[in-house]
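Comments concern the structure below.
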Amino acid sequence: MCGIVGYTGRRSCAKILLEGLKSLEYRGYDSWGFSFIKDNHLLTIKRAGKISEAENLIDSFPHDSFTGIAHTRWATHGSPDHINAHPHLDCTSEIAIVHNGIIENYSLLKSVLEKEGHTFKSDTDSEVIAHLLEKYYRGDMIEALKETMLRLVGTFGLAIICSREPGVVYGARRGSPLVVGIGEKEMFLSSDVNALVVHTRKVVYVDDDEIVRVTPTSFEISSLEKEKVEKKIFTVSFSKASLEKGGFPHFMLKEIFEQPESLRNAFRGRLDYKRATAKLGGLELTDSELLAVRGIKLVACGTSWHAAIIGKYLFEELSSIPAEVEYASEFRYRDPVIPKDTLVIAISQSGETADTLAAIKEAKKKGAKVLGICNVVGSSMARECGRGVYLHAGPEIGVASTKAFTSQLLVLTLLAVLIGRIRGMSRRDGLMALNAIEALPSQVNRILKRAGRVEEIANLTWKYNNFLYVGRGYQYPVALEGALKLKEISYVHAEGIQAAELKHGPIALIDENMPTVVLAPESYILDKVKSNVAEIKARKGRIISVVTEANREMDELSDFKFSVPPAPHFLTPILSVVPLQLLAYYIAVLRGCDVDKPRNLAKSVTVE
Ligand code: AGP
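So the sequence shown is residues 2 to 609, counted in this note's numbering.
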């Protein structure tokens, strides 16, 4: 994934920028580049390949330049070559930019700019930013950035230098991280605090739609609305690991607690109350193309496959489109029949899962339109699909997927509403869905504030060696997900079952040593769930229930109970899964497991 480093200060910047890029190599990239301000001109060096080549070339870099930017690129638009590598310059070669993220409306912007006489050198989306800045720059880069940002759809983390402003580096951010490092008579800019901690412990995090201007002795932050934004200066520890965990003992717990913010990021700028629908850039599908869709096929693996099942329910209920779900690993080999006008939706947090990538290629080969739902900007999936929706959940480091899952559900809901509103969903229902979506972060926050209750339950149940998870309707995939969370990080055997299926065999497993987690939020089938649970109770099974606040119907049947706020049934999975994530986490910790790096597992399964 791409990396950004910027510097201005008392030292020669060539080596500083190079070391910064090296600290970002772990993110993955396929090309690199530098731009320096020297004698009021820009000097740019960029290549495809590994940063080790830059090390070999370092003697040819300017050693009397004190302001510069650098980038490692993971190709999304345009092949990984030296022309598409960043930095990108404007026509006058006075402005250089480096960009993380995806500009979803770049092709429209590019055609307008070309008509206005701008000459493009690369095939990238990013280059439009350099030309927009050129178009609006009249000596005030902040104003030029504001004009540019107002026209960009998509995500960006930017660093910019201008030969007319030696000693100054600019930055801007929307949906792709950017952080300022504050040194002694020197300032740093990066997409990842890892590149800064070797120089300074004082950092300022740039938020969405904010602009930063740094000089060797100052930093100023403004936004699209405000001339000046006051920012807190954080002091970070030198240990990168503790910093990345933000004070949490494990990435997984941090990411569970990030869900109010990650959900906000998933719907930010995508709720269109005026038209009572969702707006999703990057679909590259017109309303008429969406109207023509006769069926949806969802392909994914693991947790993303659980999200896909909920996606099926969402598209059938909210969009009135038949939908099927398949394991990507099955789909890729069974020579699937894909009827005409089928939309294939691939879901992947990493965007690098081999089976899902292969399924996408198979679907494309069969002529289907493919859309990707992914969390990693610039991932292979993003490039393979060419159209889709990003989660904007931020890096998910813990092997067990948590915040990505709830953001996948939210994005699927947005997509289902968008398509539903084209296909007859009422304005009233559209607005109801948007309002309920906007309420989710505070509802998840309410759940997280009671994490201690889940820890209590874990303290009383962690010694069991087997668990069942049961649910119906939208809660059945949640049962599958809860079981997967537990087994993958605590190595306890757990099985998700459709509650009504218990009596068709699995109930034989029930005894006092087999606790059952029951997803029983208020819903049209709660009565049915209750009768399934009564069968377990009659056989001395212990019951851990997830219910809706103030609903007492499960009290008599439950040994332990955890409640979640009320929400429309199609959004409740985003709430009911959170206590299951916490339960798996606390049990794994109590069992002494390596929560973030469970045995035998990788974060991204890039092999078959
Ligand atoms: C989820 O907790 C697991 N780590 C795993 O099932 C994961 O969901 C699966 O490998 C798919 O990964 P992806 O979403 O990155 O494609």
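We put the CB at the ideal spot given by N, CA and C, even for glycine.
Measure the CB-CB distance between T93 and V169 and report whether it falls below 8 Å. No.
Measure the beta-carbon distance from V103 to A405 and round it to whole angstroms, keeping in mind my assumption that it falls under 8 Å. The identity of residue 103 in the sequence shown is Ile, whereas the question assumes Val. Cβ atoms of I103 and A405 stay farther apart than 8 Å, at about 17 Å.
Proximity test, L602 beta-carbon vs ligand 1 heavy atom, cut-off 7 Å: Of the heavy atoms belonging to ligand 1, at least one sits nearer than 7 Å to the Cβ of L602.
Tell me whether C594 sits in a helix, a strand or coil according to DSSP, three-state version. Three-state result, C594: coil.
G303 versus Y475, P340, I438 and A329, residue with shortest Cα-Cα distance: The alpha carbon of G303 has as its nearest neighbour, out of Y475, P340, I438 and A329, the alpha carbon of A329.
Below 8 Å between beta carbons: does that hold for Y138 and I98? In this structure, I98 does not lie closer than 8 Å to Y138 by Cβ.
Should I59 go down as buried or exposed, given a rule of 16 or more other Cβ atoms within 10 Å for buried? Exposed, by the Cβ-count rule.
Near I52, which residues of its chain fall below 7 Å by C-beta distance, leaving aside the five closest residues on each side in sequence? In the same chain as I52, and ignoring 5 residues on each side of it, the C-beta atoms closer than 7 Å to its own belong to L22, K23, E26, W33 and T73, in chain order.
Cβ separation of V194 and V204, assumed to be a contact under 8 Å, to the nearest whole Å: In this structure, V194 and V204 form a Cβ contact; the two beta carbons are roughly 6 Å apart against a cut-off of 8 Å.
Going by CA-CA distance only, name the one from D528, H505, A480 and L503 that's closest to T573. Closest option to T573, Cα to Cα, is A480.
Just the Cα atoms here: how many angstroms apart are E20 and V371? In this structure, the alpha-carbon of E20 lies about 39 Å from that of V371.
Three Cβ pairs or more, each shorter than 8 Å: is that satisfied between the stretch 137-151 and the stretch 187-202? No contact exists between the stretch 137-151 and the stretch 187-202.
From L485 to T403, what distance separates their C-alpha atoms? Straight-line measurement puts the Cα of T403 at about 11 Å from the Cα of L485.
Looking only at its own chain, which residues have a Cβ that is under 6 Å from the Cβ of G7, when we skip the five neighbours before and after it? Once the five neighbours on either side are set aside, the close Cβ partners of G7 are I70, A160, V170 and L190.
Spatial distance of W75 from Y30 (CA atoms): Each residue's alpha carbon lies about 4 Å from the other.
Ligand 1 and S427: does any heavy atom of the ligand fall closer than 7 Å to the residue's C-beta? Answer for S427: no, Cβ out of range of ligand 1.
Put E117 into one of helix, strand or coil per three-state DSSP. In the displayed model, E117 falls within coil according to three-state DSSP, outside both helix and strand.
Between the beta-carbon of P507 and the beta-carbon of V547, is there less than 8 Å? Result no, Cβ atoms of P507 and V547 do not sit closer than 8 Å.
Rank K47, R553, P580 and I234 by C-alpha distance to the C-alpha of V565 and give the top, closest one. Selected option, being the one with the closest Cα: P580.
Confirm, please, whether the CB-CB distance from Q444 to L576 is below 8 Å. When the beta-carbon positions are compared, L576 and Q444 come within less than 8 Å of each other.
Just the C-alpha distance for D126 and K255, rounded to the nearest angstrom, thanks. Cα-Cα distance, rounded: 33 Å.
Measure the alpha-carbon distance for E221 versus F157 and round it to whole angstroms. Between E221 and F157, the C-alpha separation is close to 19 Å.
Enumerate in chain order the residues of its own chain whose CB-to-CB distance from K16 is below 6 Å, with the five nearest sequence positions on each side excluded. Excluding residues within five positions, none has a Cβ falling inside 6 Å.
Same chain only: Cβ atoms within 6 Å of L413, ignoring 5 sequence neighbours per side: G312 and L315.
Given 7 Å as the limit, tell me if V400 has its C-beta closer than that to any heavy atom belonging to ligand 1. Yes - ligand 1 has a heavy atom lying nearer than 7 Å to the Cβ of V400.
Compute the beta-carbon to beta-carbon distance between D209 and R175, rounded to the nearest angstrom, for a pair I have assumed lies under 8 Å. Correct: roughly 5 Å between the Cβ atoms.
Out of A49, G483, S66 and I398, which has the shortest C-alpha to C-alpha gap to S80? Nearest option by C-alpha distance: A49.
Nonlocal neighbours in the same chain, by C-beta distance under 6 Å from N467, ignoring five residues either side: Once the five neighbours on either side are set aside, the close Cβ partners of N467 are H494 and M515.
Just to confirm before moving on: does the CB-CB distance between G453 and F252 stay below 8 Å? Against a cut-off of 8 Å, the Cβ pair of F252 and G453 comes out as no contact.
So, with DSSP's three-state summary, where would you put T287? Residue state, collapsed to three classes: coil.
Please find out if some non-hydrogen atom of ligand 1 comes closer than 7 Å to the beta-carbon of C594. Incorrect: C594 has no Cβ contact closer than 7 Å to ligand 1.
Please find out if some non-hydrogen atom of ligand 1 comes closer than 7 Å to the beta-carbon of T354. At least one heavy atom of ligand 1 lies closer than 7 Å to the C-beta of T354.
So A97 is in the beta strand (DSSP E); what residue range does that whole segment cover? Counted as a single uninterrupted DSSP element, the beta strand (DSSP E) harbouring A97 occupies residues I96 to N101.
Out of A86, P569, K39 and D65, which has the shortest C-alpha to C-alpha gap to T669? One cannot answer for residue 669 here, as it falls past the ends of the chain, which runs 2 to 609.
Should L581 be counted as a contact of ligand 1 given a C-beta to heavy atom distance under 7 Å? No, ligand 1 has no heavy atom inside 7 Å of this Cβ.
Any non-hydrogen atom of ligand 1 closer than 7 Å to S94 Cβ: Flag unset: Cβ of S94 not near ligand 1.
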